[in-house]
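S.K.: 0 is the number of the first residue of the sequence shown in numbering that gives the first Met the number 0; add one for each residue after it. The following block contains the structure, expressed as structure tokens.
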Amino acid sequence: MCGIFAYTGEKDAGAILIDGLTSLEYRGYDSAGIYLPDSGCIKAAGPVSELRKKIPGGLKGHSGIAHLRWATHGEPTEENAHPHSGEAGEIWVVHNGIIENFKELKEKLQKAGHTFKSSTDTEVMPHLIEEHMKAEPDFEKATFKALNEIRGTYGMAIQYKNEPDKIIAARMGAPVVIGLGEGENFVASDASPILRHTRQVVYLHDGEVAVLTPTIHSIYTLDALKVERQAEEVDWSTEVAQKGGYEHFMLKEIMEGPEVVENTLRGRLIPEQGLARLGGLERVAGRLGEMERIIIVGCGTAYYAGLTGEYMLEEFSGLPVEVELGSEFRYRKPVLNNRTILLAISQSGETADTLEAIREGKRRGALTLGIVNTVGSTIARETDAGVYNHAGPEIGVASTKALVSQLTALALLTIFLGRQRTMAASEGSEIAAALLALPEKIRMILETREAIEAMAKKYAASRDFLYIGRKYNYSLAFEGALKLKEISYIHAEGCGAGEMKHGPLAMIDENFPTLAIAPQDSVYEKMLSNIQEIKARKGPVIALTTEGNTDIESLTSDILYVPKTIEMLQPILNVVPLQLFAYYFAKEKGLNVDRPRNLAKSVTVE
Ligand code: M6R
């Protein structure tokens with residue numbers, strides 16, 4: 000998703016901005032650009048390295064704005080790359096989001112004599128400011144007027160050539176973080192490019208505007224009323240956002256699994272009483288006891304976490320649970336009331352579809368909760384209460400450790416809600432003990448990664464893959480397939496194992512491998528029958544099963560062994576080899592594992 004970064008201070012702004020763009024690269028993008036009042040504007044289609052090539056001797060100036068663009072309106076060309084300027088080349092804008100009324104504004108401006116160079120929605124903004132400055136040449140006032148005219152979503156940074164020290168930033172639906180340094184200030188889409196300069200940050204809220212110079216930061220509402228907001232200290236270290244010696248962020252993040260579970264659980268279990276202590280839910284604990292239904296919303300991997308959560312919560316809390324894609328929920332007329340929990344699951348906390356579902360839920364009176372990884376993100380702030388994952392920043396576009404932490408947090412929530420209802424203390428204690436044993440079991444799986452790598456190499460020439468699972472592992476069939484397709488670009492399908500005979504079985508032949516998630520649990524016998532069906536059609540089968548299960552050998556081509564835990568937690572272990580398998584598969588194909596084509600880490604548009 001687009002990334003914005005801006006700097007005003009005394010240092011070499013060109014170097015700082017290019018460096019900042021590099022740390023935003025993980026968000027996914029297709030072109031880059033930079034503007035410094037002292038050097039002008041430079042843009043390039045493709046990666047930041049293409050932009051660097053265009054400025055071999057660096058740039059002059061102590062302030063500027065920069066952008067990574069993920070195309071929405073208009074092709075990913077140099078022309079459409081940001082920053083965009085008005086007619087006179089004096090007002091420059093970088094923008095993350097969509098200006099929905101850009102067509103009508105553009106027509107109005109064209110009638111007033113403005114010509115446009117790009118096919119982006121963003122370009123109307125500098126022209127609009129310019130138009131207002133014709134009546135009154137005041138950059139700040141004109142910017143406020145323009146911001147009040149545009150509709151849609153934006154995280155924006157704006158600069159005026161004749162006031163080079165000043166940056167104006169604005170937010171409506173797309174994240175903006177202000178970094179406060181000594182004699183320098185920053186604007187960014189997230190904290191990652193700011194952290195190497197300062198840990199003091201201010202998160203803008205929707206409908207807020209920040210006016211920055213090297214020594215001043217003032218925050219206003221869109222009506223130009225002053226807002227007082229304390230700075231916050233970010234405690235993520237910069238090293239955490241580095242690869243820590245691994246070849247890819249994705250592998251590093253899979254390897255962090257044991258610590259991630261420890262961090263998600265830390266201080267939240269009272270095993271002897273079978274209780275979960277979730278500080279983020281305390282202020283709504285009374286209301287939670289009165290709730291009658293849960294709807295979980297999420298997208299992609301977070302949605303699949305929700306599907307597993309559905310089984311956990313229904314079995315142990317007795318509450319009816321439905322799971323919805325954020326991208327569909329908002330277009331229905333969901334039946335919600337003040338006895339409904341709407342639970343959003345999101346790593347980034349910025350996914351537009353999930354966020355809109357939450358807003359819709361609020362409008363309809365639901366109690367909104369979040370399981371969110373990114374502290375201070377929009378979903379974390381807009382939900383009534385929630386549980387932070389504490390998984391640390393996830394950089395690889397493919398979500399791995401976030402899922403492990405989401406499932407762990409869902410298990411905590413299951414204990415929390417279950418114990419308010421029918422769950423016995425002994426049952427809570429059993430789940431708590433099993434949760435605490437997970438990190439060691441994940442370590443054991445990670446130690447087998449060389450064998451998983453060899454298996455991935457063996458299958459890397461396959462053009463198709465089927466994943467099947469049942470009950471708690473039903474969602475993992477979809478997640479395993481998603482992981483493979485998003486980083487390997489091959490056709491992979493997930494299927495509930497019981498659904499095979501209703502269609503997908505027709506695809507199976509000796510060239511169509513299946514990965515069957517078949518731990519020795521309550522549906523193991525059923526899974527064995529499904530594997531038999533595939534074998535009868537000569538389909539190769541990799542089975543993921545419980546350590547020590549040798550019975551399955553005669554039916555399968557290869558086996559991934561996983562330690563046993565209680566049935567509801569088994570997916571937290573099973574997902575790890577699926578992630579490793581996809582990782583090594585894509586690596587073997589020589590693909591860009593961390594930044595797969597066409598995808599963005601944080602999807603802040605519909
Ligand atoms: O940040 P979120 O958890 O809300 O993101 C949701 C999806 O965009 C995300 O899980 C996506 O499907 C991943 N690329 C999957 O690996």
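We treat Cβ as the ideally placed atom computed from N, Cα and C, and that holds for glycine.
Output yes or no for whether 7 Å exceeds the beta carbon distance between S601 and S347.
M.R.: Yes; because the gap between Cβ atoms is below 7 Å, this pair is in contact.
S.K.: According to DSSP, is K225 part of a helix, a strand, or is it coil?
M.R.: Three-state result, K225: strand.
S.K.: I need the boundaries of the alpha helix (DSSP H) containing K42, first residue and last residue.
M.R.: First-last for K42: G39 to A44, but that is the beta strand (DSSP E), not the alpha helix (DSSP H).
S.K.: Assuming I467 contacts N529 under a Cβ cut-off of 8 Å, what Cβ separation, rounded to an integer in Å, is found between them?
M.R.: About 6 Å separates the two Cβ atoms, so the contact holds.
S.K.: So, helix, strand or coil for A397, using DSSP?
M.R.: Reduced to three states, the DSSP call for A397 is coil.
S.K.: Is C298 a contact residue of the ligand M6R, with contact defined as CB to any heavy atom under 6 Å?
M.R.: True, at least one ligand heavy atom lies under 6 Å from that Cβ.
S.K.: Is V608 near the ligand M6R, in the sense that its beta carbon is under 6 Å from a heavy atom of that ligand?
M.R.: Not covered by the structure: residue 608. The range shown for the chain is 0 to 605.
S.K.: For A542, I'd like the list of residues in its chain whose CB is within less than 6 Å of its CB, leaving aside the five on either flank, ordered along the chain.
M.R.: A515, A517, I551, T555 and I558, listed in sequence order.
S.K.: Going by other Cβ atoms of all chains shown within 10 Å of its Cβ, with 16 needed for buried, is P55 buried or exposed?
M.R.: Result: exposed.
S.K.: Would you say the beta carbon of T382 is closer than 6 Å to some non-hydrogen atom of the ligand M6R?
M.R.: No; taking the cut-off as 6 Å, the Cβ of T382 has no heavy atom of the ligand M6R nearer than that.
S.K.: Are there 16 or more other CB atoms within 10 angstroms of the CB of N161, so buried, or fewer, so exposed?
M.R.: Exposed, by the Cβ-count rule.
S.K.: Can the beta-carbon of T339 be found closer than 7 Å to that of A356?
M.R.: Going by C-beta atoms, T339 is not nearer than 7 Å to A356.
S.K.: How far does the beta strand (DSSP E) with R170 in it extend, from its first residue to its last?
M.R.: Per DSSP, R170 belongs to the beta strand (DSSP E) from I166 to M171.
S.K.: Counting only runs of 4+ residues fully inside the stretch 523–584, write out the alpha helix (DSSP H) ranges in chain order.
M.R.: Runs found: 523–535.
S.K.: With respect to the alpha helix (DSSP H) encompassing G325, which residues constitute its N-terminal and C-terminal limits?
M.R.: Per DSSP, G325 belongs to the alpha helix (DSSP H) from G325 to F328.
S.K.: What residue ranges within the stretch 375–458 form continuous alpha helix (DSSP H) runs of no fewer than 4 residues, ordered along the chain?
M.R.: Complete alpha helix (DSSP H) runs here, min 4: 377–381, 400–419, 424–445 and 448–458.
S.K.: Thinking C-alpha only, which one of N548, P539 and R448 is nearest A581?
M.R.: When only C-alpha atoms are compared, the closest one is R448.
S.K.: The ligand M6R and Q346: does the residue's C-beta get closer than 6 Å to at least one heavy atom of that ligand?
M.R.: Under cutoff, so the answer is yes.
S.K.: State the DSSP-derived secondary structure class of L481, mapped to helix, strand or coil.
M.R.: In this structure, L481 counts as helix in the three-state DSSP scheme.
S.K.: Assign S62 to buried or exposed, taking buried as 16 or more other Cβ atoms, counted over all protein chains shown, within 10 Å of its Cβ.
M.R.: So S62 counts as buried.
S.K.: Please name the residue in N597, L402 and I507 whose C-alpha comes closest to that of V575.
M.R.: Per the Cα distances, L402.
S.K.: Using DSSP's beta-bridge definition, name the partner residues of C494.
M.R.: Its beta-bridge partners are I467.
S.K.: Are the Cβ atoms of F511 and G493 separated by less than 7 Å?
M.R.: Taking 7 Å as the Cβ cut-off, F511 and G493 do not qualify as a contacting pair.
S.K.: Count the CB pairs spanning the stretch 129–145 and the stretch 71–90 that are closer than 8 Å, and state whether there are at least three.
M.R.: Touching, per the Cβ criterion.
S.K.: Mind reading off the beta-carbon distance from L58 to L35? Whole number of angstroms is fine, and I expect it under 8 Å.
M.R.: Right, their Cβ atoms sit about 5 Å apart.
S.K.: Going along the chain, which unbroken runs of the beta strand (DSSP E) with 3 or more residues stay wholly within the stretch 2–87?
M.R.: DSSP runs (the beta strand (DSSP E)) wholly in the stretch 2–87: 2–7, 30–35, 39–44 and 62–68.
S.K.: Quick one: Cα of I394 to Cα of I441, how far?
M.R.: So the two alpha carbons sit approximately 21 Å from each other.
S.K.: Have a look at S117 and P136 and give me their C-alpha separation to the nearest angstrom.
M.R.: Roughly 25 Å between the two C-alpha positions.
S.K.: For N95, which of helix, strand or coil comes out of DSSP?
M.R.: N95 falls in the strand class under three-state DSSP.
S.K.: Excluding the 5 residues preceding and the 5 following V47 in the sequence, name in chain order all residues of the same chain whose CB lies nearer than 8 Å to its CB.
M.R.: Closer than 8 Å at Cβ, skipping near neighbours: I17, L20, T21, E24, A31 and L67.
S.K.: Here's the rule: buried if 16 or more other CB atoms are within 10 angstroms of the residue's CB, otherwise exposed. What is D508?
M.R.: Its Cβ having fewer than 16 others within 10 Å, D508 is exposed.
S.K.: My output table needs one value for S646: the three-state DSSP class, helix, strand or coil.
M.R.: There is no way to answer for residue 646, as the model of the chain reaches only from 0 to 605.
S.K.: Do the CB positions of T399 and E258 come within less than 7 Å of each other?
M.R.: No, these two residues do not count as a Cβ contact at 7 Å.
S.K.: Does the Cβ of T350 lie closer than 6 Å to at least one heavy atom of the ligand M6R?
M.R.: Yes, the ligand M6R has a heavy atom inside 6 Å of this Cβ.
S.K.: For S345, name the three-state secondary structure that DSSP assigns.
M.R.: Residue state, collapsed to three classes: strand.
S.K.: Given A43, which residues of its chain have a CB within under 8 Å of its CB, disregarding the five upstream and five downstream residues?
M.R.: Within the same chain, A43 has close Cβ partners S30, A31, G32, E49, L50, K52, K53, E77 and A80.
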